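See below for the structure under consideration.
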Amino acid sequence: MLNEMMVLPEERVVPMDPESLHVCLLKTAVHVSFKKKNGVIRLMRCTQNGSAIPEASKPQAKVAIIDALTGLPVTPKEKDPGLFTVWDLDLGAWRTFKYESLLSVSLNNLENIV
3 MLNEMMVLPE ERVVPMDPES LHVCLLKTAV HVSFKKKNGV IRLMRCTQNG SAIPEASKPQ
63 AKVAIIDALT GLPVTPKEKD PGLFTVWDLD LGAWRTFKYE SLLSVSLNNL ENIV
């Protein structure tokens, strides 16, 4: 089972920078393992490739949010480049993980311990 706990190295040996991971996620399914806040190791097969995400679950176009008091557009929060929002292909749901919690990335049976 893909989501079961397993012991993985804690040490980050071969870095894959966030930009490279983002490019991989946009192109194909990627297997990642990371440590959750509660200490559990999570394995996930995920992607950001739109063709693998059901139409009903794709993000909708954002509309401008207007502040009710000032009538001015609200500036959205700056996106954290280390936070990855991905589609979990096994659970069929959106999930997030932080780059610094990442333990391994597997793409086409090639594994990088990050």
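Numbering-wise, the working numbering comes out as the position in the sequence shown, counting from 1, plus 2. For each residue, glycine too, the CB sits at the ideal point set by N, CA and C. What you are looking at is a predicted structure, and each value in this text was computed from that prediction instead of being measured.
- Item | Selected residue, minimal CA-CA separation from Cys26, among Trp89, Gln50, Thr87, Leu45 | Gln50
- For Val25, the three-state DSSP class (helix, strand or coil): helix
- Message: Residues in the same chain with beta-carbon distance under 8 Å from Lys37, minus the five sequence neighbours each way, listed in chain order, please.
- Response: Ile43, Arg44, Ser103, Leu105
- Message: I need the straight-line Cα distance from Leu10 to Gly41, nearest angstrom please.
- Response: Confidence is the limiting factor: at Leu10 the pLDDT is only 41, short of 50, which leaves the residue's position unreliable, though a coordinate-based value still follows. In a straight line, the C-alpha of Leu10 is about 12 Å away from that of Gly41.
- Can the beta-carbon of Ala58 be found less than 8 Å from the beta-carbon of Trp89? no
- Just how far apart, CA to CA, sit Pro83 and His24? 10 Å
- Message: Given this structure, state the Cα-to-Cα distance separating Val34 from Lys81, to the nearest angstrom.
- Response: 21 Å
- Query: Which same chain residues, not among the five before or five after Lys60, have their C-beta less than 8 Å away from its C-beta?
  - Reply: Gly52
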